[in-house]
Structures are given as C-alpha cells and as structure tokens.
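These protein sequence lines map, in sequence, to chains A, B and C. Under our numbering, the first residue of the first sequence is numbered 1, with each subsequent residue one higher. Under our numbering, the first residue of the second sequence is numbered 1001, with each subsequent residue one higher. Under our numbering, the first residue of the third sequence is numbered 2001, with each subsequent residue one higher. Backbone N, C-alpha and C fix where the C-beta goes; we use that ideal spot for every residue, glycine too. I have placed the structure first, in the form of structure tokens, so that the comments after it can refer back to it.
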Amino acid sequence: MQKYAKILESVRTASPLIHQITNYVTVNDCANITLCIGASPVMSHAPEDVIDMTKIASALVLNIGTLDSKQIEGMLVAGSVAADRNIPIILDPVGAGATPYRTKTAQQLIEELPITVIKGNAGEIGTLAGTTATVRGVDSGGVAGDRKTIVRDLAARLGCVVIMSGEEDLISNGSRVAGVRNGVPLMGRLSGTGCMASAVTGAFAAVAPDTMDGCIAAMVSLGIAGEAAAKVAAGPGSFKPAFLDAVAALTPEQVAGHAKVTEY
Amino acid sequence: MQKYAKILESVRTASPLIHQITNYVTVNDCANITLCIGASPVMSHAPEDVIDMTKIASALVLNIGTLDSKQIEGMLVAGSVAADRNIPIILDPVGAGATPYRTKTAQQLIEELPITVIKGNAGEIGTLAGTTATVRGVDSGGVAGDRKTIVRDLAARLGCVVIMSGEEDLISNGSRVAGVRNGVPLMGRLSGTGCMASAVTGAFAAVAPDTMDGCIAAMVSLGIAGEAAAKVAAGPGSFKPAFLDAVAALTPEQVAGHAKVTEY
Amino acid sequence: MQKYAKILESVRTASPLIHQITNYVTVNDCANITLCIGASPVMSHAPEDVIDMTKIASALVLNIGTLDSKQIEGMLVAGSVAADRNIPIILDPVGAGATPYRTKTAQQLIEELPITVIKGNAGEIGTLAGTTATVRGVDSGGVAGDRKTIVRDLAARLGCVVIMSGEEDLISNGSRVAGVRNGVPLMGRLSGTGCMASAVTGAFAAVAPDTMDGCIAAMVSLGIAGEAAAKVAAGPGSFKPAFLDAVAALTPEQVAGHAKVTEY
C-alpha cells in the first residue's frame, strides 16, 4: 500500500490548485478539505472568470449538486480549457437519476468533455450506466445488478475511471476493478462527505502517475481519516471538525498501514 | 407530551425528503440538521429542476434569506407543484419588514401559494400581520401589540399555521394558540438557527397528522436539543456541532419528558 | 493599546448592521464571526434588495471571492448608496491578480466607489498597487518590493486605508504605517479567515472614530482570538468553532493586554 501513501505525499509536496465549480450547500467543506489534504482550492463559476482560472489549475472538479443554466455554461467553458490543457476533470453527478435535468446535465457533461473520473453513489452511477437505479433527492436508492460489472463496464465505455461510493467503494478504469473498505457509517450521516471526496479526488488525480491509483488513494485517505475522526466525535456535528482535523493530520504511514484495498 | 414524541418517531421512520429553496448563508446547516433529525434534505433552485424535485418531495421549504428574481421564479414553480401534490409548504420570510423587496416577495408567495406554515421572528411575523413591527437586517426589532393575538389572527386570516419564534415560541392555527418555552439564549447567537428550525418544521409537517402539532413538536425538539448542546458548548462556535449532535441523539423520551408547552 | 480595546467595546455597544455582498464559500463563517464580534450581519446581493438594505446598514463589505456579473451589479448599486450615506465600504479583492476578471472587477469597484478600506493578501494588494505580484487561485504567491512602501503608497494614491494581511499584517492610511503581529499559522490553514477579517473590519470601521485605528483593532482582535483558539484546537477543523468561541469571548482587557502593534 506504499503506492497510495506516496500519492498523498505528492499532494502535500505539489499542493495542486483545484478549481471547483460546485454546489452552494457543501462548498465550504470542499474548500476546507482541499486545504486539509494539502492542496489549494479555488471556487469560481462565472464564464468570464473560469477560463483564466482553469488555465492555472491542476484539476477541475464539476459537481452538479445545485446546478442552474449559468453554472452549466461555466462548467462547459472551464471543461474545454481543462481538456485543452489535459488536466484531470472530475465529475460528481449529484442527484443524477432523481430528476431529468440532473441526469441530462450529467450526460451532457460526459458527452462534451473528456471526463477523467466520475464519482457518485450507487444510484447515480447506475443511472449513468443505464441500469435500473433509483436516486431520492441526492441519496442513492440502490441499483440493480452486479456493482463491479456496472462500474467496470461504464468505465470501459466512457474511457474514464468510475468510483461508486458505498460501504465498499468500487473503483474501475475499465480493466482493473478495486474495492476500498475504509470509512465509517458516520460519514453517511453528514452532508457533503461525497462532495468532499470528489474535491480530494481532484487533488489526487492532479498528481498521481496513474489516475485509478490516485482515486484509490483518495478514497483510502478519506476513509482512514474518517475512522480516526469517529473515535473522537460525539455525533455527526462534531464529526465534521474532527474529520477535517484527521485529514490534515493524516500521514503516509497511516495510509500505508491501514488501507483496505482489494483488487478484484 | 407523548403526542410530540410520536411525531419525532414518525420523522425518523418515514425519513421524508425535504426540498429546500433557501439562502446560501445557512444552507449547509439546514442540510445537516435535516439529516440529524432523521429526514433527507435536497436543495435545488433552478426552475428547470424544481418541478421534478418537488414531485418526489414530502415537503417544500421556502426561505427568502438571500433572494433574487431567479430564485423567486423557482419558488413559485416549485410551490405550484407542491400545491398540486398537497404537500406542506413552509415559508420563512427572512428579513420581511427590513426591505420592501423582502416584504413584497413574502406577500407574493403567500398570495400565490397555499402556504401551510409561516415561521418567522416577531418583526417578520408582525410585518406580515400588518402590525407595527421592525426588522433590522434579518433580526427582529420587535412588534407592537399582543403577540398571541397577532399570531392567531394572522393564522386565521391566511388559513395556515403561524410560528413566531422568540424566548417563548408562539404557534397558532387560527383557533389554538400554544407557547413553547424550550431552548437557550445561545441559539440566538448562532447564525441560522431560525433557518434550521424552518427546515425541521418541514420534516415534522411532512409526517404529522396535525400540522400545528407538528410545528409544536419541531420547536420543542430543537429547543430540547439546544438545551442539551448548551451544556457542552463553550460558545456560539462550539454550540453548532454540539447542537447537531444533540439533534441526532434526541430521543422521543427526551421530547416527552422535557417539552414545555402551554396551550393558551 | 487602550484605544483598540475601546473600539471593540464600541462594536459590542452599537452592534452595527454590516451588509455583506460576498462569496458563497465562506459566507456562513462571515455571518457567524460578525455575530460573535458583537455586530449584526446581513447578506443580500440582488440589485432589487441592496438599495434598501444598504440604507439601514452601518458598513458595506464587498468580497469578490465568487463574483459574477449579477453580483457586481449589486455591489455597484449598494456601493453608490453607501457612498451617499457616507458609511464605510470595505473591499476584499479575493483573487485579484489570479485572473483578469477579478483584477478588473477590483479596479472597477475602486474607480467607481469611494472605498474606505481595501484588505487583501500580499499578492492581491501588490496586484492593485501595480507591483510585480503573484496570486495562485485565492492564495498569495508573494510580492516584489518593500511591503510597507507598497501599502503606504497605495493608500495614499487611493485615499483609503490598505490592509495587507500576512505573518505581520501591515496597515496604512497613506501617512501612518502600522504592523500587527497577533495571530497564529493555523489561521492560514482554514478557508475563510481572510474573508472573516474583512467582515470584522466592516464592524470596526462602522464605529471607530479613526478608520485606520479601527482596522488595527480588527486585526488585533482576530489575531488574539486566534491565539486563544489555537490553544484548544486539534487542527484546522476544530480551530473554526474554537476561533468563533474565542471571538465571542474576547474582552477589551485581552485586546489591551495582548495587542502587538508597531507604528513604523
């Protein structure tokens, strides 16, 4: 698991600038966790601003949690700059499957941009895979079929890495399929842990020699930090500051020693 | 007080989806408290998205804390779907009385939509009641006249439940008037406790057999959680995580045992 | 240092209403710190609302952290009302120097409005001063030349107070130059401490007999609160609630006793 520890070290050393066009619900948490993991966050959505901001960024994170037409315009403009510069684009298709607008927007972003990583819950990933899946608001209502097959086939079809979060996070680049079993249930009781994972995935994808390894390292790192935070938290409220503290204090040694990764 | 405890149990069992069109200042707190009380939050404001989101929601919360024309458009569209589906609509008229734009928007929402519950501070409710009232920014500057009469008359005139928050929260459906004396002063020193109360009122109104009882149960539940949180908080900053923890840990037994409700 | 302690007392006594048009990343922190220092925050950006809101405010804070064309329109409208009413206007030029849109917008606000205080990091202030400076996202990448000269010359040229934040905060009104050495490194590891400082500067500028003294008092107060919070925080996550607690608990005696101000 030294491989994943090294990617965390690279994040800390390079401190990549992560440009995030994201929702207004969890944006503060995304900024703070980006700082805590060792990267540098910048949020900007105006079409007039995103071209120049993406030009100096090392990864672009697109999160459709509270989308509207102006924001989508900003995402497409920023995404085309990211594509030209060949920096990773992370898509978090929040609520895809819950409403047609979200599903269509996620699909549009996938069609028009060379997305590098798609990270969502089972319902969102299942929706994009065309499987029977349900999403209730922004929560997964489940997915039909074998999850490993779904992520691998979607990744192969789109030529990107797919992360399906859950009790076991599943990650695939279309050939490899890996599972990550780090993390605690408290992470599901706090708003924004999914969004935070996408932000951190951006930081890891920005520096990782292999994108799939970077995604695994991101999920492992947050899961281990969550495990540490759960030991000091009294509930979902105190879990948030404890989680940010644990992410900031996370060492490569912890990652190497506690990673629970299975290659299938 | 078993009646109120049972409504909390119903929230936990049903986990209703609460669609919130709200301000960007306290939206994260609203999402987290909705989760902590046992319901499921979703935030969405784009007119293209809100129709489908409201179709799967169990209550709609409209909060005008940082309103603009696009958001009002989304509120009216979502509200008409909520009306068709007969799900509760909660209005938090943040800052009504402080500026004409806020007062007029609150009045427009009340005229065009079958609002189920209006929850505001004394100045906001007084403004909507047409009494002499002052609002300074988003803080109540007080109201002239008997508060119980104001809430009862406004509720009777509009055919809805009115909650006037304060040291004693007053709740009326036009015939009954009840007072809730749970809560602590620290709740007034944190931004967003009023908005959080509206979010939680949405969750309780979604499942309560009687809306007024649901509103009382919501105010009692948050007040008791606030009392518990104040015991471990060192100030307004640490009160927030402690409050969320206390809401998540709140039991029906606590509600039944500590509710301070007076029917007038 | 009694002078600075007295300004804190005035904030607590007057509880000025601080109208903030700011970014959606740190807006909740800005609202809470405004409350904790003893003032009253209100956030509003719609051109339809800001005229009336600025009419009842005691200071206006403009923060371009997540700007767009609609928000700039609101800033200009609010700023012209603030100018007519002669209340302080604080500008936080977040990211000026990182993108042309941010630099141009900051310059436009400075040209069209009688800005009272500009508060930014070294890169942002250097950019506005026309010095060689770099900004990476929203983080300072440094500035060439003598910092004291840069802040004094910019303040003299624009006829306002300039605050350049850093390990030593430098403050000038064009003739006096002062340095504040309060604060801790943890403040730089949390998103939003800069924005919070601008909000609090608005509160102090609203009541201070002399604007430069008000700015010094604001930086001293937050620095001392940060020092206190660092003693109980386990990392950047727990630092935030501890910082808000410390700001709320801050006494004039602490300010008088711990201020580290140098007049150059």
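If you compare the alpha carbons of A217(A), T211(A), K119(A) and P88(A) with that of G95(A), the shortest gap goes to K119(A). In terms of beta-carbon proximity, L2190(C) lines the interface with chain A, with at least one pair separated by less than 8 Å. When C-beta distances to chain A are compared with 7 Å, the residues of the region 1049–1060 of chain B below that value are D1049, D1052, M1053 and I1056, in chain order. With respect to the 8 Å criterion, M2212(C) and N2173(C) are classified as neighbours on the basis of their beta carbons.
The region 1071–1081 of chain B makes contact with the region 1040–1049 of chain B; the number of CB pairs closer than 8 Å reaches 3 or more. Selection R189(A), S221(A) and G226(A) evaluated against E253(A) yields S221(A) as nearest (Cα-Cα). DSSP places D2169(C) inside the beta strand (DSSP E), whose first and last residues are D2169 to S2172. As the crow flies, the alpha-carbon of D245(A) is around 10 Å from that of N32(A). Among the residues facing chain B, N2063(C) is not included, as its CB has no counterpart in that chain under 8 Å away.
Under the three-state reduction of DSSP output, H2019(C) falls in the strand class. For the beta strand (DSSP E) assignment, the uninterrupted runs of no fewer than 3 residues enclosed by the region 2091–2136 of chain C are, from N- to C-terminal side, 2117–2121 and 2133–2136.
Taking the CA atoms as reference points, G141(A) sits about 22 Å from G1202(B). Runs of the alpha helix (DSSP H) spanning 4 or more residues and lying entirely within the region 1210–1249 of chain B occur at 1211–1230 and 1236–1249, in chain order. Residue state for M1001(B) is assigned as coil, using DSSP reduced to three classes. No Cβ-Cβ contact shorter than 8 Å links V42(A) with A98(A). For N32(A), the three-state secondary structure derived from DSSP is helix.
Interface annotation, F2204(C): not in contact with chain B, CB-CB separation never under 8 Å.
Put simply, the CB of N28(A) is near chain B, with a gap under 8 Å to one of its CB atoms. In terms of beta-carbon proximity, G1137(B) lines the interface with chain C, with at least one pair separated by less than 8 Å. Residue environment analysis places G2179(C) among the buried positions, since at least 16 neighbouring C-beta atoms fall within 10 angstroms of its C-beta. Under the three-state reduction of DSSP output, A2059(C) falls in the strand class. Residues of chain A whose Cβ lies closer than 7 Å to the Cβ of T2099(C) are, in chain order, D49, D52 and M53. Ranking V2232(C), A2234(C), A2217(C) and P2241(C) by CA distance to the CA of A2256(C) puts A2217(C) first. Non-local beta-carbon contacts of T66(A) in its own chain, meaning distances under 7 Å to residues more than five positions away in sequence, involve N23, Y24 and V25 in chain order. Around M2053(C), the same chain offers H2019, V2042 and S2044 as residues with beta carbons nearer than 7 Å, after the five sequence neighbours per side are excluded. Scanning E1167(B), K1148(B), V1143(B) and L1062(B) for the CA closest to the CA of T1116(B) turns up L1062(B). Rounded to whole angstroms, A242(A) and T1132(B) show a C-alpha spacing of 46 Å. Contact between R176(A) and A1248(B) fails: their C-beta atoms lie close to 38 Å from each other, not under 8 Å. Under the Cβ distance rule, A259(A) does not count among the residues neighbouring chain B, no pair being separated by less than 8 Å. Non-local beta-carbon contacts of V2138(C) in its own chain, meaning distances under 6 Å to residues more than five positions away in sequence, involve V2094 and G2095 in chain order. With its beta carbon at least 8 Å from every one in chain A, G2123(C) lies outside the interface. One thing to note: N28(A) has its Cβ within 8 Å of the Cβ of S2191(C).
Note that the C-beta distance between V1161(B) and I1125(B) is not below 8 Å.
Close to M1043(B), with beta-carbon spacing below 7 Å, are these residues of chain A in chain order: V25 and T66.
Judged by beta-carbon spacing, C2215(C) lies within the 8 Å limit of A2205(C), meaning their Cβ atoms are closer than that value. The DSSP assignment places 2161–2165, 2169–2172 and 2177–2180 as complete runs of the beta strand (DSSP E) inside the region 2148–2194 of chain C, in order along the chain (cut-off: 3 residues).
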